[in-house]
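Student:
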Amino acid sequence: MSNTLHFSWIDYSLFGATISINLIIGIYYGCFGTKQSTPEEYLYGGKKMKALPIGMSLTASYASGIIILGVPTEMYLYGTQYIMCLIAIILFTMALIYIYLPVYYKLQLPSTYEYLKLRFDPNVQKLASFLYVLSTVLQMPIIVYVPALVLNQVTGLNIYIISLLLCIVCIFYTTLGGLKGVVLSDTIQIVILLLTISIIVVIGTYTSGGIATIWNNAYSGERLEFFNMSMDPTVRQTFWGAVVGMIFMLIGTLGLNPSTIQRFLSLPTYRDVKISALTFALTNSFSKIITAWIGLILFTKYMDCDPLTAGKIQRADQLLPYYLLDVGNCPGLSGLFVAGVCGTAFSALSTGMNTLSLTVYEDFIKSRLPDTTSREFINKILKGIVLISGTLSFAFIFFIDKLGGVLQMSVSFQGITFGPLVGITTMGMLIPKVNRHGAFWGGIVSMVLTGIVIFGSQVYVLMGRVERAFKPLSTRQCDFNVTYAYIPCHLFGLDTVPIIFQISYYFHTLIGVLITIIAGVLITLITRKKDDPVVDRDLLSPLVHYFVSTEDVRQETVVSL
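Everything in the sequence shown is counted per the numbering used here, starting at 298 for the first residue and increasing by one.
#1: Between which two residues does the alpha helix (DSSP H) containing F673 stretch?
#2: Taking 9 angstroms as the threshold (C-beta atoms), are A642 and V832 in contact?
#3: Between the beta-carbon of G720 and the beta-carbon of G748, is there less than 9 angstroms?
#4: Bridge partners for D569 per DSSP, in chain order?
#5: So is the beta-carbon of N651 under 8 angstroms away from any non-hydrogen atom of the ligand MG?
#6: Going by alpha carbons, who is nearest to L562 out of S771, L630 and I351?
#7: Which first and last residues belong to the alpha helix (DSSP H) in which E411 is found?
#8: How would you label W738, buried or exposed, when you count the other beta carbons within 10 angstroms and need 16 or more for buried?
#9: Are the beta-carbon atoms belonging to Y309 and G632 less than 9 angstroms from one another?
#10: Report yes if the CB atom of T377 is closer than 9 angstroms to the CB atom of A515, and no otherwise.
#11: Buried or exposed: W306, going by 16 or more other Cβ atoms within 10 Å of its Cβ?
#12: Short check: CB of F577 to CB of T409, under 9 angstroms?
#13: Just confirm the distance between the C-beta atoms of V731 and G817, as a whole number of angstroms; I'd bet it's less than 8 angstroms.
#14: Going by beta carbon distance, what residues of the same chain come within less than 6 angstroms of V810, once the five residues before and after it are set aside?
#15: I823: buried (16+ other C-beta within 10 angstroms of its C-beta) or exposed?
#16: Could you pull out every residue in the same chain whose Cβ sits closer than 7 angstroms to the Cβ of I459, ignoring the five residues on either side in sequence?
#17: Output the boundary residues of the alpha helix (DSSP H) element that contains K403.
#18: When you compare the CB positions of I594 and Y620, do they come within less than 9 angstroms of one another, or not?
#19: Going along the chain, which unbroken runs of the beta strand (DSSP E) with 3 or more residues stay wholly within the region 540 to 622?
#20: Say whether the region 592 to 608 touches the region 367 to 382, bearing in mind that this needs 3 or more beta-carbon pairs closer than 8 angstroms, one atom from each stretch.
#21: To the nearest angstrom, report how far apart L819 and R733 are at their CA atoms.
#22: Along the chain, where does the alpha helix (DSSP H) that runs through I380 open and close?
#23: Alpha carbon to alpha carbon, how far is A589 from A392? Give it in angstroms, no decimals.
#24: Among residues of its own chain, excluding the 5 on either side of I489, which ones have a beta-carbon nearer than 8 angstroms to its beta-carbon?
#25: Among residues of its own chain, excluding the 5 on either side of F691, which ones have a beta-carbon nearer than 6 angstroms to its beta-carbon?
#26: With a 10 Å radius around its C-beta and 16 neighbouring C-beta atoms as the bar for buried, classify I365 as buried or exposed.
#27: Are the region 548 to 564 and the region 388 to 404 touching by the rule of at least three beta carbon pairs closer than 8 angstroms?
#28: Give me the Cα-Cα distance between L311 and L428, rounded to the nearest whole angstrom.
#29: Quick check on the DSSP output: the alpha helix (DSSP H) that includes Y803 runs from which residue to which?
#30: To the nearest angstrom, report how far apart R416 and G725 are at their CA atoms.
#31: Where DSSP assigns a beta bridge to D829, which residues make up the other side?
#32: When the Cα atoms are used, what is the spatial distance from I713 to T504?
#33: Do the CB positions of I468 and A645 come within less than 9 angstroms of each other?
#34: Could you check the C-alpha separation between L547 and K827 for me, to the nearest Å?
Here it is in structure tokens:
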């Protein structure tokens, strides 16, 4: 077996055909069809979207290459504790349907953060919009990097050239296609990807000796772990991190993300919103289960000859594409898989670009334009923002390449921004007493302190002072002389690194939320005045309507629908 495995001509053909779908969809919606000629058509699909495609689109946006490559790697290196996030998905979906979405859907605001302007003041809105823009700018390069990493593995092309090409394709069909193009492309791509990885599961399970063999090997290799109830926050994977920490990650990543709200607001009824949310929960749970099982298949295949230790691959995130090329008993499967990874990356990237254009326009540009501005000119502004954001995504690839695993990197960066965002919005919907000073400064304090924790931990990783070691890996049956490697799963460098920088990345968003709420409530207590404005009932979640007095809320509708 050669050190580098590449695509066959069948793989190239299927990959090219699948990726071409994105371009065709963008050309169709941009040049034919409705042509997305107004901001309403471009951003909301004319309020005529269907529930199931929206749910599938949400799954495609979330189940990007970060999840498809990151989860199997997580299982392979650290064990199965991560899969307890299925509980978090259920709880998150319930919170989304009954706490957050009723408020957004009733108000029907053009920008998610317009809510914070109504609930608090314009300064809080601009802070939230800034945090979202920052999170998108930090996240999009990771989304691009994942498929570029895979394509580098299977084609040998330079990773930066691949990243540039991917950004160009995504900018093209997002700029032309608008929300309709994005949703249709998302639906097609996630169906292809889920079918492909399902085939991988069937073939991998069969060639590995069956379910019992895979399970027994995972047990003997110390991979099976579901209820690690340790309260130590420095332990990388625990039940509390995979469930409690993951709930707040999901609320930030999806529940309060403008791209998610934008999709839900494109639906005609709240019943459709619930169907979409449940569709997302089911398809996302399915993707988690099968990608987790693929991780155990990988372990069975390489339990005695780890390709990472043996130098066959440079990064652990290359394990799955390497496996597909290594097994090689299903021509074209590698091409479909890589196309699926690229497709979901396009989905997540186009979602970010599309919604970023909405947020930047509504919260930073719209108020500065004259009332006579034409819809065509506004559309050009929206598409210009897409172009700029795609260019930034490529530029930051050069920094992402120096950091750690894509799943951990992605979640860590989200903690800086989504922690304050979830905290501010949750206070606004569930705590009527919190005022604008508490919301604004609570978010600022959280962003600064959480940023110190996350960037500090990344600095120590770059310095080589902190490294989360793997569960047992071995090269004892490789066809060359490599020393057997058993690496216990703990942190290296504990004696030299402050404990705050050793906290598991699962808790970063939760830390941001708690800091925001605690600081926000305390600052409110200090700054609250008797003449503070009464909160409108429509700005509070229905869950708290029964617990507040008429003195604390105003009954009139704040927005004329």
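Note that beta-carbon positions come from the ideal geometry of N, C-alpha and C, so glycine has one too. In this text the structure is predicted, and so the values were computed from the model without any measurement.
Tutor: From the atom records:
#1: What you label residue 673 is simply residue 376 of the sequence shown in a count that begins at 1. The sequence shown places Glu at residue 673, not Phe. Looking at the DSSP string, the run of the alpha helix (DSSP H) that includes E673 is R672 to A692.
#2: If you number the sequence shown from 1, residue 832 lands on position 535. If you number the sequence shown from 1, residue 642 lands on position 345. No, Cβ-Cβ distance for V832 and A642 is not below 9 angstroms.
#3: Residue 720 sits at position 423 when you count from the first residue of the sequence shown. Residue 748 sits at position 451 when you count from the first residue of the sequence shown. Taking 9 angstroms as the Cβ cut-off, G720 and G748 do not qualify as a contacting pair.
#4: Taking the sequence shown and counting its residues from 1, one reaches residue 569 at position 272. DSSP lists no partner for D569.
#5: For the ligand MG, the structure offers nothing, since it holds no ligand at all.
#6: Taking the sequence shown and counting its residues from 1, one reaches residue 562 at position 265. If we check each option's Cα against that of L562, I351 comes out closest.
#7: For this step, residue 411 is matched to residue 114 along the sequence shown. Segment E411 to R416, the alpha helix (DSSP H) holding E411.
#8: Locating residue 738 in the sequence shown gives position 441, counting from the first residue. Buried: at least 16 other Cβ atoms inside 10 Å.
#9: Residue numbering aside, residue 309 sits at position 12 when the sequence shown is read from its first letter. Residue numbering aside, residue 632 sits at position 335 when the sequence shown is read from its first letter. Closer than 9 angstroms, so yes.
#10: What you label residue 377 is simply residue 80 of the sequence shown in a count that begins at 1. What you label residue 515 is simply residue 218 of the sequence shown in a count that begins at 1. Against a cut-off of 9 angstroms, the Cβ pair of A515 and T377 comes out as a contact.
#11: Here residue 306 corresponds to residue number 9 of the sequence shown, with the count starting at 1. It counts as exposed.
#12: The residue labelled residue 577 in the question sits at position 280 within the sequence shown. The residue labelled residue 409 in the question sits at position 112 within the sequence shown. Going by C-beta atoms, F577 is not nearer than 9 angstroms to T409.
#13: Counting from one through the sequence shown, the residue named residue 731 turns up at place 434. Counting from one through the sequence shown, the residue named residue 817 turns up at place 520. Rounded, the Cβ-Cβ distance is 6 angstroms, consistent with contact.
#14: Here the question's residue 810 lines up with position 513 in the sequence shown. Within the same chain, V810 has close Cβ partners F545, G716, V719 and G720.
#15: Within the sequence shown, residue 823 is the residue found at index 526, counting from 1. So I823 counts as exposed.
#16: Counting from one through the sequence shown, the residue named residue 459 turns up at place 162. Excluding positions up to five away in sequence, the list reads A445, L448 and N449.
#17: Looking up residue 403 in the sequence shown gives position 106. K403 -> alpha helix (DSSP H) spans L398 to L404.
#18: Position 297 of the sequence shown, counted from the first residue, corresponds to residue 594. Position 323 of the sequence shown, counted from the first residue, corresponds to residue 620. Contact flag set, yes.
#19: none
#20: yes
#21: Numbered from its first residue, the sequence shown carries residue 819 at position 522. Numbered from its first residue, the sequence shown carries residue 733 at position 436. The alpha-carbon atoms of L819 and R733 are separated by roughly 12 angstroms.
#22: If you number the sequence shown from 1, residue 380 lands on position 83. Looking at the DSSP string, I380 is not in any alpha helix (DSSP H), and its letter there is neither H nor E.
#23: Start at 1 with the first residue of the sequence shown, and residue 392 comes out as number 95. Start at 1 with the first residue of the sequence shown, and residue 589 comes out as number 292. Taking the straight line joining both Cα atoms gives about 25 angstroms.
#24: Within the sequence shown, numbered from 1, the residue matching residue 489 stands at position 192. If we look at I489 and ignore the five residues flanking it on each side, its Cβ neighbours are T315, L633, A636, G637 and G640.
#25: Indexing the sequence shown from 1 puts residue 691 at position 394. S460, L461 and C464.
#26: For the purposes of this step, residue 365 is identified with residue 68 of the sequence shown, where counting begins at 1. Buried, since its Cβ has 16 or more Cβ neighbours within 10 Å.
#27: yes
#28: Counting from one through the sequence shown, the residue named residue 311 turns up at place 14. Counting from one through the sequence shown, the residue named residue 428 turns up at place 131. Distance between the alpha carbons of L311 and L428: 39 angstroms.
#29: For the purposes of this step, residue 803 is identified with residue 506 of the sequence shown, where counting begins at 1. Per DSSP, Y803 belongs to no alpha helix (DSSP H) and is neither H nor E.
#30: Along the sequence shown, one-based indexing puts residue 416 at 119. Along the sequence shown, one-based indexing puts residue 725 at 428. Rounded to whole angstroms, R416 to G725 spans 6 angstroms at the Cα level.
#31: In the sequence shown, residue 829 corresponds to position 532, counting from 1. None; D829 has no bridge partner.
#32: Position 416 of the sequence shown, counted from the first residue, corresponds to residue 713. Position 207 of the sequence shown, counted from the first residue, corresponds to residue 504. Using only the alpha carbons, I get a separation of about 43 angstroms.
#33: As a first step, residue 468 must be located in the sequence shown, where it is residue number 171. As a first step, residue 645 must be located in the sequence shown, where it is residue number 348. No.
#34: What you label residue 547 is simply residue 250 of the sequence shown in a count that begins at 1. What you label residue 827 is simply residue 530 of the sequence shown in a count that begins at 1. C-alpha separation (whole angstroms): 36 angstroms.
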